[in-house]
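Peer 1: First residue of the sequence shown? That's -11 in this note's numbering, and the numbers climb one at a time after it.
The beta-carbon is built from N, C-alpha and C at its ideal position, and this holds for glycine as well.
Computed from a prediction, not measured in an experiment: that's the story for all the values here.
Here it is: the structure, laid out below.
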Amino acid sequence: MVKWLDQRRAEDPDIDAFDALDEWFRKHAPAVEQVGEAALVLNRARRFEDLVALLQVALIHGRTAQWMYDVLALTLKKLGRPQDEIDRVLLSRADITGADPENLLMSAAYLVRFGDPQLALRLYRQVAEVAPGRPEPYVLAFQHALRQDNEEVLRWAIPRVLSEVWVRDYARWHRKAEDAASDLMRRWRQRGEHERIADFQRVLREARQRDLTVRLSWVGGGDLDLEVDEPPGTRCSPGQPRTASGGVLVHDGFGPQADNCHDDYVCARAFSGYYLLRIVYQSGNIVGKRARLKIVRYADSDHEICRELTVPLSGDVTVVRISLHRGRRTVAADPATLQTSVPEADRRRVAPESLPRVGGPALHQVGAVPVAAGTAAVAGAGAVGYMPIVSVLSEGVSSSALAIVSGDRRFVRVSVSPIFSTITDVFHFTFQGPGAGQTTGGSVGGNR
């Protein structure tokens, strides 16, 4: 490909690299791997203008790969091209990689690196809409807005940082957000914007509220684990430190250091219902075979309730049941947006019963239609081999549409197809009871 470009230039010194490479692509339709080899040759020869032409032609002809956008943006930056041209490439990167949180956050990081934090802030807001339960977009937006002294973004980000709780270092970011909020209100007070201060203070009060916090503490060199069964059927535990119901195990301690002998569970916005606090004995000596629970409901609100009790440890698992009637959560988060993996060093501590149940919001994880949030777990959940799958079968006339954006963001191809479907009968099959192994029912009509 590079030899073809050099040959065409020898024949016609005035030919543009874009036109020569476009001619090559039309004749030979090279694969992405060939484009990568040519890009490597041009980069080593420091022929950056030709490299830009190569990547642009490849994208126009549909030979797209994620690395092309990254290399193109870097090369344009090196050549001193206009910022809006670089931004268009990075936004195209976000399009091709999909609108999932990880890719959008990566594209925003590229935008910050290439000198357009304002556009990055727009992507952070987009991530917050796609995955509102993730703290990263709020924290990153807050961090960049603080550097730029952007009051409007700070006004949006500070309450959201304070309302989120995650596993590590959230307290440090909460302190930064509180300091930034005080500084912001001081400026408004100097400018006489008292109404804005009152509105902001109201939002901050709501952001600081915590529907349920639980601290398990003990004395001794042993290790206890706190696991919380939440109303929709999810379980927050050391193996599942964040749940779709909003629960977060922010600290998992162990003995013998006294300041580390505690487990902390926080649910900023919780479902109403009954919670089971499971105190699981892991190892070592617990002084007096007793633990202490501190339960705070509706913290930082007008209805705050604090209760402390001493719990005798009986056997390997001790259960305490509590109720919550003023929970503010009505919709579960999508488990796909939660980072719930267990570190390799901690996997040996995760018992099978501490894994998430397949029921309620956890149905997202098996690709099924989620049960309405707030409902109780389906009977039988937790049994070996039990996996309820709910599917929706539609009848009547419907249509589907698919839109594909070209790599250079110039064209959109739309295809629309109608679907006519009906259900004429249903098969019934069971492997239990008198009719085990028998199939009843007629045929099922599909798409027509």
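Measuring alpha carbon to alpha carbon, tell me which of R179, S170, R280 ends up nearest V207.
Peer 2: R280
Peer 1: Within its chain, find whatever has a CB closer than 7 Å to the CB of T63; leave out the 5 residues flanking it on each side and keep chain order.
Peer 2: F36, L39, V40
Peer 1: In whole angstroms, what is the alpha-carbon distance linking P89 and S95?
Peer 2: 10 Å
Peer 1: Exposed or buried, which one is P1 when buried takes at least 16 other CB atoms within 10 Å?
Peer 2: exposed
Peer 1: Just the C-alpha distance for A19 and S409, rounded to the nearest angstrom, thanks.
Peer 2: Computed Cα separation, rounded: 40 Å.
Peer 1: Starting from the N-terminal side, write out each stretch of the alpha helix (DSSP H) that is 4 residues or longer and does not extend beyond the region 1 to 53.
Peer 2: 5 to 16, 20 to 32, 36 to 48
Peer 1: If we ignore side chains and look at the alpha-carbon of each, how far apart do G348 and A232 end up?
Peer 2: Any reading at G348 needs caution, since the residue's pLDDT is 37, under 50, leaving its predicted position unreliable; the model's value is listed next. Straight-line Cα distance between these residues: approximately 10 Å.
Peer 1: Quick one, which of V254, K282, K(-9) has its alpha-carbon nearest R230's?
Peer 2: When only C-alpha atoms are compared, the closest one is V254.
Peer 1: Name the one or two DSSP bridge partners that H182 has.
Peer 2: For H182, which the question treats as bridged, DSSP gives no partner whatsoever.
Peer 1: Within its chain, find whatever has a CB closer than 6 Å to the CB of A46; leave out the 5 residues flanking it on each side and keep chain order.
Peer 2: Exclusion of the five residues before and after A46 leaves V23 as the residues of its chain whose Cβ lies within less than 6 Å of its Cβ.
Peer 1: Can you tell me the Cβ-Cβ gap for L93 and V115, rounded? I've got them flagged as a contact below 8 Å.
Peer 2: 6 Å
Peer 1: Cutting at 6 Å between CB atoms, please list the residues of its own chain near A8, excluding the five before and the five after it.
Peer 2: L(-7), R(-4)
Peer 1: By DSSP, does A197 sit in helix, in strand, or in coil?
Peer 2: The residue you asked about is not Ala; residue 197 is Gln in the sequence shown. Coil at Q197, not helix or strand.
Peer 1: With a threshold of 8 Å, are at least 3 pairs of Cβ atoms found where one atom belongs to the region 174 to 181 and the other to the region 206 to 220?
Peer 2: no
Peer 1: Considering only DSSP beta bridges, list what Y269 is partnered with.
Peer 2: L212, per the DSSP bridge assignment.
Peer 1: If D252 sits next to H239, beta carbons under 8 Å apart, how far is it from one beta carbon to the other, in whole angstroms?
Peer 2: 4 Å
Peer 1: Can you give the Cα-Cα distance for Q228 and G243, rounded to whole angstroms?
Peer 2: 21 Å
Peer 1: Starting from A391, trace the beta strand (DSSP E) both ways and give me its first and last residue.
Peer 2: 384 to 393
Peer 1: If you reduce the DSSP assignment to three classes, tell me which class I146 lands in.
Peer 2: The three-state reading of DSSP puts I146 in helix, counting H, G and I together.
Peer 1: Could you check the C-alpha separation between F399 and I48 for me, to the nearest Å?
Peer 2: Approximately 10 Å, taken between the alpha carbons.
Peer 1: Taking just the CA atoms, how far does Q189 sit from V202?
Peer 2: 26 Å
Peer 1: Which residue marks the beginning of the alpha helix (DSSP H) containing H291, and which one marks its end?
Peer 2: It is not in any alpha helix (DSSP H) - H291 carries neither H nor E in the DSSP assignment.
Peer 1: With 16 other CB atoms within 10 Å as the buried threshold, where does A350 fall?
Peer 2: Note that A350 scores 35 on pLDDT, short of 50, meaning its location in the model is unreliable and no value can be drawn from it.
Peer 1: With C-beta atoms as the reference, is R309 less than 8 Å away from L264?
Peer 2: yes
Peer 1: Could you check the C-alpha separation between I392 and R401 for me, to the nearest Å?
Peer 2: 5 Å
Peer 1: Return the bridge partner residues of Y262 from the DSSP annotation.
Peer 2: S311
Peer 1: Grouping DSSP H, G and I as helix and E and B as strand, with all else coil, what is Q245?
Peer 2: For Q245, the secondary structure class from DSSP, reduced to helix, strand or coil, is coil.
Peer 1: Among residues of its own chain, excluding the 5 on either side of M(-11), which ones have a beta-carbon nearer than 7 Å to its beta-carbon?
Peer 2: W12, P18, Q22, A26
Peer 1: What did DSSP end up calling I74 once you bin it into helix, strand or coil?
Peer 2: Looking at I74 - three-state DSSP - the assignment turns out to be helix.
Peer 1: Beta-carbon within less than 6 Å of I293's beta-carbon, same chain only, minus the 5 sequence neighbours each way: which residues are those?
Peer 2: Once the five neighbours on either side are set aside, the close Cβ partners of I293 are R285.
Peer 1: For R76 and Q44, what's the separation of their Cα atoms in angstroms?
Peer 2: Cα to Cα, the separation comes out at about 12 Å.
Peer 1: Would P220 pass as a contact of Y262 if the rule is Cβ separation under 8 Å?
Peer 2: no
Peer 1: Count the other CB atoms, across all protein chains shown, that sit within 10 Å of the CB of E152; report buried if there are 16 or more and exposed otherwise.
Peer 2: buried
Peer 1: What does a CB cutoff of less than 8 Å around A258 pick up in its chain, not counting 5 residues either side in sequence?
Peer 2: Taken in chain order, the residues that qualify are D199, L200, E218, S233, G234, G235, L312, G315, R316, R317.
Peer 1: Under DSSP, the alpha helix (DSSP H) around A96 begins and ends at which residues?
Peer 2: Counting along the chain, the unbroken alpha helix (DSSP H) around A96 starts and ends at 89 to 101.
Peer 1: When DSSP labels each residue in this structure, what does L301 get in the three-state scheme?
Peer 2: coil
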